[in-house]
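Shown next, in structure tokens, is the structure this report addresses.
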Amino acid sequence: MTNTPLLPPSRAGTLELVGGMLALDFCNTSSGRGGARHLEHLRLAGDVVAWAAHAAVLDAAAAAALGARLAVDEGLATALLGRALALREAVFGIGQARAQGLAPGRVHLDELAATHAACLAPARLAADGAVYRWGWDPAAAPVEAVLGPIAVSAVGLLTQGEAGRLKQCQGVHCGWLFCDRTKNRSRRWCEMEVCGNRAKQRRRRGG
180 MTNTPLLPPS RAGTLELVGG MLALDFCNTS SGRGGARHLE HLRLAGDVVA
230 WAAHAAVLDA AAAAALGARL AVDEGLATAL LGRALALREA VFGIGQARAQ
280 GLAPGRVHLD ELAATHAACL APARLAADGA VYRWGWDPAA APVEAVLGPI
330 AVSAVGLLTQ GEAGRLKQCQ GVHCGWLFCD RTKNRSRRWC EMEVCGNRAK
380 QRRRRGG
């Protein structure tokens, strides 16, 4: 009998939101990609909903209602998780390329564009104070209500001039993306208190 190591619990609903933009925080639901300590926090559709509530994409009532639907609708759960992961990896691929000073791959740009267009189809413009924003009805379009704000954020990142500020945390086993808004663009870590301090400790130990 093979013993399968237990995975740590998903932290989708408690992860630090340090990317500076919604789309980047969504990318950061996975860390250490490609390494032995890769952590995936979106393992189930419920994890996507937990993150959406945590990041204020959904309010508590909408998140609870969607969670209840997912428990009895396997097709919806499969669609939400699959489309969420596809969007996340597209945005991550774009963000990582820009952080490295490279042009994003066409496949990632096309995936983002397709998701953005699909999510806007059921959206409506609604007043938010003096401005108007896209809004969704989570009951009528649950997948789009979760992914729409993320796709809009990602497209805004590319079209509103901040893509040049994208960076990737240099912490070992991290790789999170963030928007460096410091005046001299000197930010290196997702969080100085976490990855920055770990790097200092490794330097002190000489490794």
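Each residue of the sequence shown is one higher than the one before, starting from 180 at the first, in this note's numbering.
All C-beta atoms, glycine included, are put in the ideal place defined by N, C-alpha and C.
The structure displayed is predicted, hence computed values, not measured ones.
Helix, strand or coil at residue i [DSSP, three-state]
i: Met180; result: With a pLDDT of only 46 at Met180, under the threshold of 50, the placement of this residue in the model should not be trusted; the figure read from the coordinates follows. It is coil, neither helix nor strand.
i: Trp230; result: helix
i: Val310; result: strand
i: Ser210; result: strand
i: Gly196; result: Looking at the sequence provided, one finds Leu at residue 196 rather than Gly. Here Leu196 sits in coil by DSSP.
i: Leu218; result: strand
i: Thr338; result: helix
Endpoints, alpha helix (DSSP H) assigned at residue i
i: Arg277; result: Glu253 to Ala278
i: Asp204; result: Leu201 to Cys206
i: Gly343; result: Run containing Gly343: none; DSSP gives neither H nor E here.
i: Glu290; result: Arg285 to Leu299
i: Ala320; result: From DSSP, Ala320 is part of no alpha helix (DSSP H); its letter is neither H nor E.
Alpha carbon of residue i to alpha carbon of residue j, nearest angstrom
i: Ser189; j: Ala293; result: 28 Å
i: Ser210; j: Trp315; result: 29 Å
i: Cys207; j: Gly199; result: Cys is not the amino acid found at residue 207; the sequence shown has Asn there. Using only the alpha carbons, I get a separation of about 11 Å.
i: Ala242; j: Ala229; result: 7 Å
i: Glu253; j: Arg312; result: 31 Å
i: Met180; j: Ala276; result: Since pLDDT at Met180 reaches only 46, below the 50 mark, its modelled position is unreliable, and the value read off the structure follows with that caveat. Spanning the two alpha carbons is a distance of roughly 43 Å.
Residues that DSSP places opposite residue i in a beta bridge
i: Leu356; result: Gln347
i: Arg303; result: Gly314
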